[in-house]
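Read through the structure below, which is laid out as structure tokens, and then see the notes.
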Amino acid sequence: MAGKLKTRVNSSGYKQFWDKDEERWVFTHRRVAEKKIGREPVPGEEVHHINGDKEDNRSRNLVVLKDSIHDRVHHDDPDACFRCGRSGHWAEDCYAKTDFEEDAIDEDDFDEDEDWDDEDDDY
1 MAGKLKTRVN SSGYKQFWDK DEERWVFTHR RVAEKKIGRE PVPGEEVHHI NGDKEDNRSR
61 NLVVLKDSIH DRVHHDDPDA CFRCGRSGHW AEDCYAKTDF EEDAIDEDDF DEDEDWDDED
121 DDY
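If you count the sequence shown from 1, position 40 lands on 40 in UniProt numbering, and the numbers rise without skipping.
Shown next, in the form of structure tokens:
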């Protein structure tokens with residue numbers, strides 16, 4: 001008989017679950033993002049909640065960003081595009097080939113046709 005999944009919200013407001021195999025608490029948003037992009041975020045990357053709700057871990061609400069763009073979106077320029085880090089447009093309208101630091105943007109990290117209906121599972 002399978003046991004109930006142990007979950008909690010940490011002191012910073014992020015949902016976590018107990019991974020029995022790894023024997024540690026895992027951030028739910030990071031695991032969902034891993035499944036979405038097919039790999040673990042690497043050092044220098046952060047998982048960003050697009051709508052700002054730390055408890056909304058639906059895959060459509062998460063995007064993996066470079067640290068510098070994540071910092072820019074949260075601290076330097078809250079209106080910055082989370083795809084390239086520049087202001088003046090939204091990510092869905094972004095056609096930039098490089099980010100604000102002139103590094104190439106990996107097109108595979110962004111799904112422009114992602115479905116934004118409300119039928120996603122709530123993680």
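All C-beta atoms in this analysis are idealised placements derived from N, C-alpha and C, irrespective of residue type, glycine included.
This one's a predicted model, so the numbers in the text were calculated from it and none came from an experiment.
So what's residue i in DSSP terms, helix, strand or just coil?
| i | result |
| --- | --- |
| Lys15 | strand |
| His89 | coil |
| Ala80 | coil |
| Arg24 | strand |
| Arg8 | strand |
| Glu46 | strand |
| Lys54 | coil |
| residue 124 | Residue 124 lies beyond the stretch modelled for the chain, which goes from 1 to 123, so this question has no answer here. |
Please name the residue in the options whose C-alpha comes closest to that of residue i.
| i | options | result |
| --- | --- | --- |
| Lys20 | Lys6, Ser87 and Phe27 | Lys6 |
| Ala104 | Pro41, Glu92 and Lys66 | Lys66 |
| Ile37 | Lys4, Arg60, Ile69 and Arg72 | Arg60 |
| Ser68 | Asp53, Phe82 and Trp18 | Phe82 |
| Arg58 | Gln16, Cys94 and Val32 | Val32 |
| Lys54 | Ala80, Ser12 and Glu40 | Ser12 |
| His49 | Lys35, Val64, Pro41 and Glu40 | Val64 |
Just checking my contact of residue i with residue j at CB under 8 angstroms: how many whole Å lie between their CB atoms?
| i | j | result |
| --- | --- | --- |
| His29 | Leu62 | 6 angstroms |
| Ser87 | Asp77 | 6 angstroms |
| Phe17 | Val9 | So it is not a contact: roughly 11 angstroms between Cβ atoms. |
Can you check DSSP and say which residues form a bridge with residue i?
| i | result |
| --- | --- |
| Lys66 | Glu45 |
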